[in-house]
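Visitor: After the structure tokens below, expect a handful of questions from me.
Protein chains: 2
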Amino acid sequence: MNGSINDSAAQQQRDEKFMRMAINEARQALKREEVPIGAVVVAGDRVVGRGHNLVETLQDATAHAEMQALTAASSTLGGKYLRDCTLYVTVEPCVMCAGAIAWSQAARVVWGADDPKRGYTTVEGLRLHPQTVVVRGVLAAECEALMKEFFKELR
Amino acid sequence: MNGSINDSAAQQQRDEKFMRMAINEARQALKREEVPIGAVVVAGDRVVGRGHNLVETLQDATAHAEMQALTAASSTLGGKYLRDCTLYVTVEPCVMCAGAIAWSQAARVVWGADDPKRGYTTVEGLRLHPQTVVVRGVLAAECEALMKEFFKELR
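Top to bottom, those sequences are chains A and B. Note that the working numbering has the first sequence beginning at 1, numbered continuously upward. Note that the working numbering has the second sequence beginning at 1, numbered continuously upward.
Shown next, in the form of structure tokens:
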């Protein structure tokens, strides 16, 4: 379900503000020559977790931006459920991260660029927690530009 | 795909040996009043990673046995891919862990008890890496007995 249709202008502005923070995280990843994906978790107006992709740095296939941000948020808040939180991530989560988001029961997930290859929505039947509202396409062009920059340099 | 049909008696014995180690990990979880699930990662005949469910202890919804074991194995081996490794886990992996296993490109995944509620095979269209052989039902009764013991005590 896409919640963006009913989002107010204030909500949209807020989403863009936090997505810019996620983009800053993605830039940190790019500096480390990692696939540039960043994430922040927000409770109210407070950033309670952040992270960027560290798969190459840590040589750990599970070290995605979302995983870092969710774990950081749970640590900050002292609880495994993130029911009042919004996760912002620059690129559509993969299956692993979608599973983690589902366990966290996050209230909202907001992403920038779709991932038509590895995004969880490519798997038919895969859903987040029923309470979780999904908003896609926030600052998508900026999020995608970072990814294109990275993959262009690889060639 | 279930690879168990062609498994030799030696392979089966080997699988049971390592599943017993995963069961020991699950017992560690039970002692901490965690859902008793344990995992080990094996390369050749060497255990390179192990872990048990720590969701309550760490208050982190991502702290599943498989995640701990995969991250430990990558750390031991110094690489993000676990292409020569087998992951043993007492209960069928969830969506998150299936996603992590897919990224790791593990050669084999062996589990004990099925999880008809949260197991990744309940999601239509969700697959591990095409190279990964899946074996299910190894020491299933023992793995399930631990789960039943835990949930009986909760009631």
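Glycine is no exception: its CB is placed at the ideal position from the N, C-alpha and C atoms.
Kindly identify the DSSP beta-bridge partner or partners of A/ALA39.
Guide: A/GLY51 and A/VAL89
Visitor: Would you say B/VAL135 lies against chain A (beta-carbon separation less than 8 Å)?
Guide: Chain A, which has no Cβ nearer than 8 Å to the Cβ of B/VAL135, makes this no.
Visitor: Who are the near neighbours of A/LEU146 in its chain, counting only those whose CB is closer than 8 Å to its CB and skipping five residues on each side?
Guide: ILE23, ALA26, ARG27, LEU30, PRO36 and THR90
Visitor: Rounded C-beta distance between B/CYS94 and A/GLY44? I'm assuming under 8 Å.
Guide: The Cβ separation is near 29 Å, so there is no contact.
Visitor: If I follow the unbroken alpha helix (DSSP H) through B/ARG20, where does it start and stop?
Guide: 9-31
Visitor: Using DSSP with H/G/I as helix, E/B as strand and the rest coil, what is A/ALA73?
Guide: helix
Visitor: Looking only at its own chain, which residues have a Cβ that is under 7 Å from the Cβ of B/LEU126, when we skip the five neighbours before and after it?
Guide: VAL95, ALA98 and TYR120
Visitor: Tell me the rounded alpha-carbon separation between A/ALA39 and A/ARG83.
Guide: Those two C-alpha atoms are separated by around 17 Å.
Visitor: Where do the ends of the beta strand (DSSP E) carrying B/VAL110 lie?
Guide: 108-113
Visitor: Between which residues of its own chain and B/MET21 is the CB-CB distance below 6 Å, once the five residues before and five after are set aside?
Guide: Within the same chain, Cβ atoms closer than 6 Å to the Cβ of B/MET21 are found at VAL40, the five residues on either side in sequence being excluded.
Visitor: Hey, is A/GLN59's beta-carbon within less than 8 Å of any beta-carbon in chain B?
Guide: yes
Visitor: What residue range does the alpha helix (DSSP H) around B/VAL95 cover?
Guide: Run containing B/VAL95: 95-104, per the alpha helix (DSSP H) assignment.
Visitor: Would you kindly report the start and end of the unbroken alpha helix (DSSP H) that includes A/ALA145?
Guide: 140-154
Visitor: Measuring CB to CB, does B/MET163 end up less than 8 Å from A/THR62?
Guide: This structure leaves residue 163 of chain B out entirely; chain B is present only between 1 and 155.
Visitor: Inspect the beta-carbon positions of B/ALA69 and B/LEU87 and report whether they are closer than 8 Å.
Guide: Closer than 8 Å, so yes.
Visitor: Between A/SER104 and chain B, is there a C-beta pair that is closer than 8 Å?
Guide: yes
Visitor: Should A/LYS132 go down as buried or exposed, given a rule of 16 or more other Cβ atoms within 10 Å for buried?
Guide: According to the sequence as given, residue 132 of chain A is Thr; it is not Lys. Result: buried.
Visitor: Out of B/VAL47, B/HIS64 and B/ALA72, state which residue places its alpha-carbon closest to the alpha-carbon of A/GLN59.
Guide: Here the closest residue by C-alpha is B/ALA72.
Visitor: For chain B, check one thing: does any of its Cβ atoms lie closer than 8 Å to the Cβ of A/LEU126?
Guide: yes
Visitor: Mark A/MET1 as exposed unless 16 or more other C-beta atoms lie within 10 angstroms of its C-beta, in which case mark it buried.
Guide: In this prediction, A/MET1 scores a pLDDT of 46, lower than 50, which makes its location untrustworthy; no coordinate-derived value is stated.
Visitor: Note down, in chain order, all residues in the segment 66-81 of chain A with a beta-carbon under 8 Å from any beta-carbon belonging to chain B.
Guide: MET67, LEU70, THR71, SER74, SER75, GLY78, GLY79, LYS80 and TYR81
Visitor: Looking only at its own chain, which residues have a Cβ that is under 7 Å from the Cβ of B/VAL123, when we skip the five neighbours before and after it?
Guide: The beta carbon of B/VAL123 lies closer than 7 Å to those of VAL95 in the same chain, with the five residues before and after it left out.
Visitor: Please check if any C-beta of chain A sits within less than 8 Å of the C-beta of B/GLY99.
Guide: yes
Visitor: Just the Cα atoms here: how many angstroms apart are B/GLU142 and A/ALA141?
Guide: 52 Å
Visitor: Just checking: is the beta-carbon of B/MET147 within a distance shorter than 8 Å of some beta-carbon in chain A?
Guide: At a cut-off of 8 Å between C-beta atoms, B/MET147 does not count as an interface residue with respect to chain A.
Visitor: State the start and end residues of the unbroken beta strand (DSSP E) segment that holds A/VAL134.
Guide: 133-136
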